[in-house]
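Peer 1: Numbering (full-length UniProt numbering), first residue to last: 1 to 264.
#1: Look up residue 89 in the DSSP assignment and say whether it is helix, strand or coil.
#2: Any idea which residues DSSP pairs residue 244 with across the strands?
#3: Out of curiosity, what's the CA-to-CA distance linking residue 108 and residue 146?
#4: Among 126, 100, 194, which has the Cα closest to the Cα of residue 138?
#5: Does residue 119 pass the burial test, meaning 16 or more other C-beta atoms within 10 Å, or should it be called exposed?
#6: Would you tell me roughly how many angstroms separate the C-alpha atoms of residue 220 and residue 212, rounded to the nearest one?
#7: Can you grab the Cα-Cα spacing for the pair residue 78 / residue 54, in whole Å?
#8: Classify residue 263: buried if its beta carbon has 16 or more other beta carbons within 10 angstroms, exposed otherwise.
#9: Opposite residue 259 in the DSSP bridges: which residues?
#10: For residue 45, count neighbouring Cβ atoms within 10 angstroms of its own Cβ and tell me buried if that reaches 16, exposed if not.
#11: Determine, using beta carbons only, whether residue 233 and residue 241 come nearer to each other than 8 Å.
#12: What's the gap between the Cα of residue 245 and the Cα of residue 56?
#13: Under DSSP, the beta strand (DSSP E) around residue 119 begins and ends at which residues?
#14: To the nearest angstrom, report how far apart residue 93 and residue 58 are at their CA atoms.
#15: Using a Cβ-Cβ cut-off of 6 Å (strictly less than) and excluding sequence neighbours within five positions of residue 47, which residues of its own chain qualify?
#16: What is the DSSP secondary structure of residue 253, reduced to helix, strand or coil?
#17: Straight-line CA distance for residue 205 to residue 218?
#18: Measure from the alpha carbon of residue 52 to the alpha carbon of each residue in 26, 39, 128, then state which is nearest.
#19: So the beta strand (DSSP E) residue 62 belongs to, where does it begin and stop?
#20: From the DSSP secondary-structure annotation, give me the bridge partner or partners of residue 109.
#21: Within the segment 16-78, note down every full beta strand (DSSP E) run reaching 3 residues or more, in order along the chain.
Set out below in C-alpha cells:
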C-alpha cells in the first residue's frame, strides 16, 4: 500500500535532475541535485526526509547549503552515496552554443557539507543518458545508457574512489591513501591517479537505457529498459565477486516491458 506524505517547504521547482536514496543516515534521506527548469540548468542540492519521531510524519524538503568547489549547474548527472558522502559524475553543462559533459568527479561530505572535486585523466565513459550507477566496495560503477547520438550501450565502467591517491598541484599538499569517508575538508581541484576502467565481460545484457538497477547482497540487479527499438522486461544480475553477468529466469507473472522506472 502506497502512503503519501504532505511536503513541507521549501519546495524545489519541478525539474529533471538526479536523485539518490541514502538509508544509512538518520533519518533516511533522498537527495536531488541539479536538473533543468524553464530552460535553465540548476546547481542546487535538496534533501527530503521524514521525521519518524512525530505522530503525523511529514516529508520535509531542505535546500542544502554547501561550500567548496561545487558541481556546475547541470542536468542528468549520476549520483550515488556511500560512507557519509555523495558522489556525482557525468552531468551535462551548457557552454556557449553547445552542451558539454562534466567529466570531473565530485564528492560531498555530509558531515561538513563541503564539496571536493577530482579531475581524472585517461579514458572515461562517454556522455550518456538513462544510465545507472552504484558504489560497491569502493568502486563507483556506471552501466549502460544512451549516448549523444541516440545509440544505446551496454558498457560497464568503474573507478576506484575508496583508495584514491591525490596528487599535489600548484603547491597543494599531497594526500595519499585516504578513504573517501575520512576526508573532512575540501581541497582545490586536484587530479587523481585512479583511472576509469571499461569492464568487458562475456554474456552481458543487451544494450539498454532507462532501466533500473539495484544492489542486493553482492549482486547488481538490472530490470527492463529499452534499446530504442525494443522495450525489455528481462532481469540480469551482475555478481561483483565473480565479475560475471547472469540472465535470471523467473517464475510467475513478470511485469510488462517498461523503461524510465525506478525501485528501491
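Note that CB positions come from ideal geometry on N, CA and C, so glycine has one too.
This one's a predicted model, so the numbers in the text were calculated from it and none came from an experiment.
Peer 2: Checking against the coordinates, here is how it stands:
#1: The residue labelled residue 89 in the question sits at position 89 within the chain shown. Secondary structure at residue 89: strand, using DSSP grouped into helix, strand and coil.
#2: Taking the first residue of the chain shown as 1, we reach residue 244 at position 244. Looking at the DSSP assignment, residue 244 forms a beta bridge with 239.
#3: The residue labelled residue 108 in the question sits at position 108 within the chain shown. The residue labelled residue 146 in the question sits at position 146 within the chain shown. So the two alpha carbons sit approximately 27 Å from each other.
#4: Within the chain shown, numbered from 1, the residue matching residue 138 stands at position 138. Comparing Cα positions, the closest option is 194.
#5: Here residue 119 refers to the residue found at position 119 of the chain shown. Exposed is the call here.
#6: Taking the first residue of the chain shown as position 1, residue 220 is located at position 220. Taking the first residue of the chain shown as position 1, residue 212 is located at position 212. Here the alpha carbon of residue 220 sits roughly 10 Å from the alpha carbon of residue 212.
#7: If you number the chain shown from 1, residue 78 lands on position 78. If you number the chain shown from 1, residue 54 lands on position 54. Those two C-alpha atoms are separated by around 33 Å.
#8: Residue 263 sits at position 263 when you count from the first residue of the chain shown. Burial is judged here by how many other beta carbons sit within 10 angstroms of a residue's own beta carbon; residue 263 has fewer than 16 and is exposed.
#9: Reading the chain shown from its first residue, position 259 is the one you call residue 259. Beta-bridge partners of residue 259 (DSSP): none assigned.
#10: Residue mapping note: residue 45 aligns to position 45 of the chain shown, counting from 1. So residue 45 counts as buried.
#11: Sequence index remark: in the chain shown, residue 233 carries index 233 (1-based). Sequence index remark: in the chain shown, residue 241 carries index 241 (1-based). Using a Cβ distance threshold of 8 Å, residue 233 and residue 241 do not count as a contacting pair.
#12: In the chain shown, residue 245 corresponds to position 245, counting from 1. In the chain shown, residue 56 corresponds to position 56, counting from 1. Residue 245 and residue 56 have their C-alpha atoms roughly 44 Å apart.
#13: Translated into the one-based positions of the chain shown, residue 119 becomes position 119. Counting along the chain, the unbroken beta strand (DSSP E) around residue 119 starts and ends at 114-120.
#14: Taking the chain shown and counting its residues from 1, the one referred to as residue 93 is at position 93. Taking the chain shown and counting its residues from 1, the one referred to as residue 58 is at position 58. If you take the alpha carbons of residue 93 and residue 58, they lie about 34 Å apart.
#15: In the chain shown, residue 47 corresponds to position 47, counting from 1. Beyond the five residues adjoining it in sequence on each side, residue 47 comes within less than 6 Å, by CB distance, of 29, 31, 62, 64 in the same chain, given in chain order.
#16: The residue you call residue 253 lines up with position 253 of the chain shown. In the structure shown, residue 253 sits in coil (DSSP, three-state: anything other than H, G, I, E or B).
#17: As a position in the chain shown, residue 205 is number 205, starting the count at 1. As a position in the chain shown, residue 218 is number 218, starting the count at 1. Looking at the backbone, the Cα of residue 205 and that of residue 218 are separated by about 18 Å.
#18: Taking the chain shown and counting its residues from 1, one reaches residue 52 at position 52. Closest in C-alpha terms to residue 52, from the list 26, 39, 128, comes 26.
#19: Taking the chain shown and counting its residues from 1, the one referred to as residue 62 is at position 62. For residue 62, the enclosing beta strand (DSSP E) covers residues 59-63.
#20: Indexing the chain shown from 1 puts residue 109 at position 109. BP columns for residue 109 point to 85, 114.
#21: Within the segment 16-78, the complete beta strand (DSSP E) runs of at least 3 residues are 16-22, 29-37, 40-50, 59-63.
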